[in-house]
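Visitor:
2 protein chains.
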Amino acid sequence: MKADVLSIDLHTHILPPELPDRRAITGYGGWTTLEHLSPGCGRLMIDGKHFRDVCSRSWDPARRIADCDATGVAVQVLSTVPVLFSYWAQPRHALDLARTLNDHLAGVVAAHPDRFEGLGTVPLQDPELAIGELERCMGELGLRGVEIGSHVNAWNLDDPALLPFFAAAERLGAAVFVHPWEMMGRAEMPRHWLPWLVGMPAETARAACSLVFGGVLARLPRLRVALAHGGGSFPFTIGRIDHGHRVRPDLCATEIDAAPSSFLDRLYLDSLVHDPRALRYLVELVGADRLALGSDYPFPLGEAVPGRLVRSMSDLSDAQKSRILAGTAREFLGLDAPGTPGDPGDPGTPGTAANPGARR
Amino acid sequence: MKADVLSIDLHTHILPPELPDRRAITGYGGWTTLEHLSPGCGRLMIDGKHFRDVCSRSWDPARRIADCDATGVAVQVLSTVPVLFSYWAQPRHALDLARTLNDHLAGVVAAHPDRFEGLGTVPLQDPELAIGELERCMGELGLRGVEIGSHVNAWNLDDPALLPFFAAAERLGAAVFVHPWEMMGRAEMPRHWLPWLVGMPAETARAACSLVFGGVLARLPRLRVALAHGGGSFPFTIGRIDHGHRVRPDLCATEIDAAPSSFLDRLYLDSLVHDPRALRYLVELVGADRLALGSDYPFPLGEAVPGRLVRSMSDLSDAQKSRILAGTAREFLGLDAPGTPGDPGDPGTPGTAANPGARR
């Protein structure tokens with residue numbers, strides 16, 4: 002394939018250049034703040050505790066565009082850093098932060114509409130407020146959907162409280178990108194980055210299983226959902242998951258009759274698995290039509306040259322590579338759908354004429 | 002291949018027919034008991050609360066042998082049910098239970114030495130007591146090693162407290178079969194069997210990562226370790242794990258310089274993935290030499306006809322199938338090693354002349 006095939010990177014994170022402490026406004030702590038240490042270097046802090054070092058790639062559109070130009074990325078899809086979901090906070094305060102983040106993100110997109118698309122964040126701890134902000138994202142802000150966490154405090158994604166939100170996403174044609182956060186087991190495996198290496202893939206499997214077993218995907222046939230990190234451990238344990246559904250229907254088939262694997266073609270997965278054998282497994286399992294380039298830019302656990310793995314795979318056809326590098330993201334985001342984002346008349350559902358590559 | 006190739010099932014569970022409540026002896030509750038409801042039907046209970054229904058396959062050697070005869074299993078490797086690890090209990094009480102379980106298990110093996118091999122259990126919350134019981138298992142009881150949990154209370158498997166135990170296992174030539182238990186996230190995802198479907202694969206990855214990142218495998222080059230359920234999510238996320246080691250050596254390379262994937266040939270994996278594509282991935286990743294049939298008999302999440310998946314795979318050679326169905330377990334268990342089990346002079350280390358199939 003041509004080396005200059007331009008790609009859409011579905012999985013990138015962005016911060017506003019200023020993240021002041023909201024303790025003064027809200028009267029309580031726990032908020033993530035950004036301290037600038039030196040030009041181009043910052044640090045995310047929570048209540049004065051170090052969370053993560055970040056660099057200007059996290060907030061500087063010009064630097065991001067320069068990186069994209071150097072690596073053949075045509076479009077970055079921007080979403081916030083999961084620590085900022087702030088589902089733990091009081092809903093009105095989380096809404097206020099979400100509005101700030103979404104306004105910033107939409108501003109970056111509007112300033113460079115040919116280089117960025119955006120996924121907003123919503124205060125899911127209050128589904129009604131979340132729906133309101135989702136409508137704003139899809140309407141006046143011109144975003145393509147939202148990034149959400151793998152769970153919302155004590156709710157898994159199939160909690161009945163969240164169903165109206167997912168129904169709204171379906172109605173609005175909003176793409177829903179699920180990102181792991183607040184990783185299970187993080188307190189029990191503090192060393193060796195295991196919350197990121199073990200907990201995150203498990204979180205994504207938890208989210209996928211909840212959407213599948215809880216009947217969310219079954220109830221909302223046009224809802225578009227993507228999972229980060231190649232779907233975490235979900236695609237690779239699908240045999241075990243199907244088997245569980247088969248042998249313990251009393252536990253697993255309470256909401257769905259069909260095998261969990263039959264919902265694989267309802268999920269999009271990003272390509273971030275860092276291994277050609279794993280990516281090949283995903284292609285075999287779900288097909289290139291469900292796989293979209295995602296790099297986790299600008300974080301170190303991501304793919305430094307987005308798409309390098311996909312491009313390196315000699316057993317993928319040019320059509321498959323092109324689909325993974327750009328086509329699937331276009332479909333997931335509804336970029337080819339007629340009408341404007343947020344138009345309930347045509348949410349860019351997979352399988353429409355505008356999406357000839359869709360399987361459904 | 003011939004349909005009648007006999008197999009060794011590395012992953013089966015057994016209970017003694019009686020499990021009385023130890024509350025009266027120990028003065029505290031939490032013990033797992035077995036209630037017999039009707040002939041052939043029982044129920045595991047914890048403090049009067051239902052844990053799991055079991056049938057006589059769990060304790061009746063004759064019924065197990067009949068099942069083996071019907072499914073072409075030559076040898077079952079017996080290990081206890083993880084809920085009985087009882088790492089939470091006072092060490093001397095856990096030792097007492099382990100001795101009871103091991104005596105029972107060894108008795109079954111001794112009564113049918115051509116049909117059963119055994120892996121004992123040890124009170125890992127007290128490594129010194131655990132070493133003593135391991136020595137008894139490998140000596141007078143004639144077992145092949147032990148089954149252990151994916152963590153021990155607050156210790157991950159790389160906790161310095163456990164290193165003497167693993168060193169003893171290496172010295173004694175004891176096979177160590179790691180089984181997930183006390184699954185991370187179980188409180189947060191109570192529905193749809195997710196502790197088993199999501200938590201267990203994550204637990205196994207946690208155990209594998211701890212053994213790798215914590216330097217246990219590096220320090221003990223002859224230690225033989227197997228992981229249940231195809232290694233859980235570990236083999237499928239190895240690209241992410243390697244990448245983490247590469248980009249955050251401050252967190253991940255504190256004990257090992259080599260890539261985590263370089264330790265894949267130090268781990269045996271059972272074949273219990275319930276999907277030909279996943280098994281094919283494992284064969285590609287680690288080779289048939291590291292894969293051993295495991296069925297989780299007699300539990301429903303297991304493979305009802307042990308080896309059916311392996312036998313069904315037309316892209317595996319007869320030699321690969323034979324290796325997975327029996328050869329790898331022979332090597333892992335040290336069945337072909339000269340000398341008796343527990344002979345420190347020859348622990349049946351992979352790579353000896355007795356194990357020509359070994360990769361190392």
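So the protein sequences, as listed, match chains A and B. In terms of our numbering, the first sequence opens at residue 2 and continues consecutively. In terms of our numbering, the second sequence opens at residue 2 and continues consecutively. Ideal placement from N, C-alpha and C gives every residue a C-beta, glycine not left out. Keep in mind it's a predicted model, so treat the numbers as computed, not measured.
1) Along the alpha helix (DSSP H) that carries A/Ser211, what are the first and last residues, could you check?
2) For A/Leu144, which option in A/Glu118, A/Phe166 and A/Pro128 has the closest C-alpha, if you only look at C-alpha atoms?
3) Looking at the C-beta of B/Ala107, does it have a partner C-beta in chain A at a distance below 9 Å?
4) Under three-state DSSP, which class holds B/Ile242?
5) Please tell me whether B/Ala209 and B/Gly245 are closer than 9 Å, where the distance is taken between their beta carbons.
6) Is B/Ala176 near B/Gly295, with beta carbons less than 9 Å apart?
7) Comparing the C-beta of B/Pro202 with each C-beta of chain A, is any distance below 9 Å?
8) Which term fits B/Thr255, buried or exposed, when burial requires 16 or more other beta carbons within 10 angstroms of its beta carbon?
9) Determine the direct distance from the alpha carbon of B/Leu35 to that of B/Gly41, and round the result to whole angstroms.
10) Considering Cα atoms alone, identify which of B/Phe237, B/Ser211 and B/Glu285 is closest to B/Ile257.
11) Do you know how far the Cα of A/His51 is from the Cα of A/Thr122?
12) Quick check: is the beta carbon of A/Met190 nearer than 9 Å to any beta carbon in chain B?
13) Could you please tell me which residues of the stretch 240–255 of chain A, in chain order, have their CB closer than 8 Å to any CB of chain B?
14) Is the Cβ-Cβ distance between B/Leu283 and B/Pro236 less than 9 Å?
15) What separation, rounded to the nearest whole angstrom, lies between the Cα atoms of B/Leu16 and A/Gly216?
16) Pick helix, strand or coil for A/Lys3, following the three-state DSSP scheme.
17) Output yes if chain B places a C-beta closer than 9 Å to the C-beta of A/Val199; else output no.
18) Here's the rule I'm using: 16 or more other beta-carbon atoms within 10 Å means buried, otherwise exposed. How should B/Glu285 be labelled?
19) If you run the structure through DSSP and keep just helix, strand and coil, what is B/Glu1?
20) Is it buried or exposed, A/Ala111, if we count other Cβ atoms within 10 angstroms and call 16 or more buried?
21) Does chain A have any CB closer than 9 Å to the CB of B/Ser234?
22) Helix, strand or coil: which one does DSSP assign to B/Gly352?
23) Just to confirm, does B/Ala305 get its C-beta within under 8 Å of one of the non-hydrogen atoms of the ligand MN?
24) Just the Cα atoms here: how many angstroms apart are B/Leu252 and A/Asp266?
25) Can you pull out the residues from the stretch 220–231 of chain A whose beta carbon lies closer than 9 Å to at least one beta carbon of chain B?
26) Is the beta carbon of B/Ile47 less than 9 Å from the beta carbon of B/Trp60?
27) Compare the C-beta of A/Pro301 against all C-beta atoms of chain B and say whether one is closer than 9 Å.
28) Whole angstroms is fine: what's the gap from B/Leu224's alpha carbon to B/Gly174's?
29) Hey, B/Gly240 and A/Ala279 are a contact pair by Cβ (cut 8 Å); roughly how many whole angstroms apart?
30) Got a sec: is the Cβ-Cβ distance from A/Thr13 to anything in chain B below 9 Å?
31) Any C-beta of chain A within less than 7 Å: which residues of the stretch 273–292 of chain B qualify?
32) So within the stretch 59–85 of chain B, which uninterrupted alpha helix (DSSP H) runs reach at least 4 residues, ignoring any that extend past its ends?
33) Is the stretch 182–198 of chain B in contact with the stretch 181–200 of chain A, if contact means three or more CB pairs nearer than 8 Å?
34) How big is the Cα-Cα spacing for A/Gly303 and A/Asp54?
35) I'd like the list of long-range same chain contacts for A/Pro124, defined as Cβ closer than 6 Å, with 5 residues on each side in sequence excluded.
36) Taking DSSP as the reference, what is the three-state secondary structure of A/Gly358?
Guide: According to the structure shown:
1) Met201 to Phe214
2) A/Glu118
3) Not closer than 9 Å to any Cβ of chain A, the Cβ of B/Ala107 fails to qualify, so no.
4) It is helical.
5) no
6) No; because the gap between Cβ atoms is not below 9 Å, this pair is not in contact.
7) Contacts with chain A at 9 Å (Cβ-Cβ) include B/Pro202.
8) exposed
9) 12 Å
10) Residue B/Ser211 holds the alpha-carbon nearest to the alpha-carbon of B/Ile257 among B/Phe237, B/Ser211 and B/Glu285.
11) 23 Å
12) yes
13) Gly240, Arg241, Ile242, Asp243, His244, Gly245, Val248, Arg249, Leu252, Cys253 and Thr255
14) yes
15) 37 Å
16) Residue placement at A/Lys3 is flagged as unreliable, the pLDDT there being 45, under the threshold of 50; the coordinate-derived value follows with that caveat. Coil, per DSSP.
17) yes
18) exposed
19) Outside the modelled stretch of chain B, which goes from 2 to 361, sits residue 1 of chain B, for which no answer is possible.
20) exposed
21) yes
22) Here the model assigns B/Gly352 a pLDDT of 35, short of 50, so the residue's position is not dependable and the matter cannot be decided.
23) In the structure shown, the ligand MN is absent, as is every other ligand, since no ligand is present at all.
24) 36 Å
25) His230 and Gly231
26) no
27) yes
28) 7 Å
29) 5 Å
30) no
31) Residues are counted here when their Cβ sits less than 7 Å from a Cβ of chain A; for the stretch 273–292 of chain B these are Val274, His275, Asp276, Arg278, Ala279, Tyr282, Glu285 and Leu286, given in chain order.
32) 62–72
33) yes
34) 15 Å
35) Pro92, Ala95, Leu96, Ala99, Leu130 and Ala131
36) Because the pLDDT at A/Gly358 is just 32, under 50, the model does not fix this residue reliably, and the point stays unresolved.
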